[in-house]
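Here's the structure, in structure tokens; my notes come after.
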Amino acid sequence: MANDVHPAESKLARRITDWLEPKNWIIAVTLLVGWHTAQWNGMAWGVVGALFAAVIPITFIKYGIRKGYWGDRHVGAKPARLVVMAVILLSVATGIALMIAAGAPHTVIALIVSMLVTLAILTGITVAWKISVHQAVSAGACAMLIQTYGVWMAVGFLLVVVVGWSRVELRDHTRNQVIAGTILGTIVAATVFHLAR
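According to the working numbering, the sequence shown is numbered sequentially starting from 251.
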């Protein structure tokens with residue numbers, strides 16, 4: 251969003267951060283894994299997963315912006331960030347429970363479980379240190395797409411690198427926070443998705 255750009259910051263970095271934010275990665279990976287799992291039926295379940303993991307969370311974040319609880323959709327301040335992460339954890343856990351009860355494909359459930367575990371670990375770390383959620387989500391999405399579609403999906407990590415650059419360029423994160431988010435997202439998402447499928 252143009253009005254998020256401060257005079258001293260890079261417009262390109264801001265656009266990358268906004269376009270490749272976690273919500274968009276989550277929507278993309280849930281639909282792609284859903285399609286690979288069961289075509290249109292799988293995509294429909296992917297939409298359900300995206301509803302609880304992306305749409306409800308971003309709706310809550312936008313509500314907080316309107317009320318003045320936090321400044322933008324990236325929620326930089328730690329106290330507000332922890333509140334948002336707790337709400338997202340609740341939303342994702344609710345989605346998983348409903349999907350299990352309704353008989354969603356196991357692979358799609360495994361995908362959302364991977365997101366829940368990754369977010370839970372990120373929340374614990376955020377209590378002490380501002381690890382990059384952008385990086386963890388984007389890297390985790392790429393790792394799960396590689397497991398689903400094959401190694402050619404590793405090309406997605408080029409976008410992960412670009413996102414990391416934008417987070418450092420905007421001074422929203424340090425280089426170490428970006429690297430840590432990338433490593434954590436890749437390892438946790440890939441491991442949990444592999445074990446849960």
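No residue lacks a Cβ here, since even glycine has one placed at the ideal position from N, Cα and C.
Which of helix, strand or coil DSSP assigns to residue i
i    : result
H356 : helix
A384 : Just to set this straight, residue 384 is His in the shown sequence, not Ala. H384 falls in the helix class under three-state DSSP.
S364 : helix
A378 : coil
S260 : coil
G431 : helix
L395 : helix
E271 : coil
Residue i and residue j closer than 9 Å at C-beta
i    : j    : result
A449 : S364 : No statement about residue 449 is possible, as the shown extent of the chain runs from 251 to 447 and does not include it.
V192 : G296 : No statement about residue 192 is possible, as the shown extent of the chain runs from 251 to 447 and does not include it.
A303 : I350 : no
A393 : T436 : yes
G345 : Q385 : no
L420 : R264 : yes
V325 : G318 : no
S416 : L301 : no
F310 : S260 : no
V337 : W320 : no
L366 : L434 : no
Buried/exposed call for residue i, threshold 16 Cβ in 10 Å
i    : result
R316 : exposed
A352 : exposed
A327 : exposed
Q397 : buried
V401 : exposed
L348 : exposed
W290 : exposed
G284 : buried
W275 : buried
H444 : exposed
Whole-number beta carbon distance between residue j and residue i, since they are thought to touch under 8 Å
i    : j    : result
L409 : S382 : No, L409 and S382 are not in contact; Cβ-Cβ is about 14 Å, not under 8 Å.
G390 : T424 : With a Cβ gap of about 20 Å, G390 and T424 do not count as contacting.
I306 : K273 : About 10 Å; that fails the 8 Å criterion.
L282 : L395 : 6 Å
P355 : T287 : 5 Å
L332 : T376 : 6 Å
V418 : V428 : 6 Å
heavy atom of the ligand SAH below 8 Å from residue i C-beta
i    : result
V283 : Because no ligand of any kind appears in the structure shown, any question about the ligand SAH cannot be addressed here.
Quick one: complete alpha helix (DSSP H) runs, 4+ long, within the segment 273-355?
Counting only runs of 4 or more, we get 306-317, 328-352.
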